[in-house]
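When you read off a place in the sequence shown, starting at 1, and then add 957, the result is the number in this note's numbering. All C-beta atoms, glycine included, are put in the ideal place defined by N, C-alpha and C. Accompanying notes for the structure given below.
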Amino acid sequence: MDPVFENFDLYVDGFLTSLSIIVVAMVGSLLLGLLIAACRVSPVPPLRAFGTFWVSTFRNTPLSVVLFFCAFGLPELGINRTFYFFGVLGLILYTSAFVCEAVRSGINSVSAGQAEAARSIGLNFTQGLRFVVLPQALRTVVPPLGSVIIAMFKNSAVVGAFGVGGDLWSTGQTLTSARGYETLPVFIGVAIGFLLITLPAGAVLQIIERKVAIAR
958 MDPVFENFDL YVDGFLTSLS IIVVAMVGSL LLGLLIAACR VSPVPPLRAF GTFWVSTFRN
1018 TPLSVVLFFC AFGLPELGIN RTFYFFGVLG LILYTSAFVC EAVRSGINSV SAGQAEAARS
1078 IGLNFTQGLR FVVLPQALRT VVPPLGSVII AMFKNSAVVG AFGVGGDLWS TGQTLTSARG
1138 YETLPVFIGV AIGFLLITLP AGAVLQIIER KVAIAR
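Okay, structure coming up:
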């Protein structure tokens, strides 16, 4: 494990960069996924069609292809940003489709009578979804949504392969290819870095799941 200790500062910087990718992508994919889920259950046919198209497209497209399009396709359309931006954007777009389906399954688990009751007291679709349906649905979707988020944490390693730079995966590549360190100890350090992110996150999600179960 000498490569890890000798380059500990690089691992710390890589850990913080990977953590920033994960946090930004998690917030973005949750917000976008909720929006797409609202489109999926909307009474407006064009919105439902858009939601269905979005989910079908990104759920059936490999993450590497989404990242490739963001990193190399968007600049061809005149959108020029950093690889960090493109990497996070691709991860958000990809993960949002899975968040959408997790949330939609929770919405479908709420009794139709709840939505009818919301309409009977004068709430429109958006208000009923926000104040009546979603608060109940989000309790149900904590376990599947947690799995999606943990998967996104691990998928963030793929983002490093597209030139983001400075993250844990890029740190491992730099140490093995540019500095000649042995691959096994270097990537054991990378794996430990990701475990330091995913294990605490999994523990927090389990706590939230237990609290939600009690509340129900």
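A residue is called buried when at least 16 other Cβ atoms come within 10 angstroms of its Cβ; F965 does not meet this threshold and is exposed. Put simply, of A994, V1121, S1053 the residue whose alpha carbon is nearest the alpha carbon of N1017 is S1053. Taking 4 residues as the shortest admissible run, the region 1017-1081 contains the following complete alpha helix (DSSP H) segments, listed from N- to C-terminal end: 1020-1025, 1040-1066, 1069-1077.
Taking the Cα positions, A1059 is about 6 Å away from P1101. Within the same chain, Cβ atoms closer than 7 Å to the Cβ of S1021 are found at V1115, the five residues on either side in sequence being excluded. Annotated three-state conformation of A1118 is coil, per DSSP.
Around the CB of V1099, 16 or more other CB atoms lie within 10 Å, so the residue is classed as buried. Apart from the 5 residues on each side of it in sequence, A1075 sits with its Cβ closer than 6 Å to the Cβ of G1085, V1089 in its chain, given in chain order. The beta carbon of V1105 is closer than 7 Å to those of T1052, F1055, V1056, A1059 in its chain, skipping five residues each way along the sequence. For S1113, same chain residues with a beta-carbon under 8 Å away, outside a window of 5 residues either side, are S975, I978, I979, A982, L1048, D1124 in chain order. Here the region 1061-1070 makes contact with the region 990-1004; the two share three or more CB pairs at distances below 8 Å.
Per DSSP, the continuous alpha helix (DSSP H) segment holding F972 begins and ends at 965-997. Going by DSSP, G1129 is part of the alpha helix (DSSP H) stretching over 1125-1130. Per DSSP, the unbroken alpha helix (DSSP H) holding L1091 starts and ends at 1091-1097. CA-CA distance, P1003 to Y1138, rounds to 55 Å. A direct Cα-Cα distance of roughly 23 Å separates G1117 from D959.
Considering only F1151, L1162, V1012, the residue with the shortest C-alpha distance to F972 is F1151. Taken atom to atom, the span from the alpha-carbon of A1160 to that of I1107 is near 11 Å. Spatial neighbours of L1024 in its own chain (CB-CB distance under 7 Å, excluding positions within 5 residues in sequence) are listed in chain order as G1044, G1047, V1115, V1116, F1119.
The beta carbons of G1122 and V961 sit no closer together than 9 Å. Assignment of P1000 by DSSP, reduced to helix, strand and coil, places it in the coil class.
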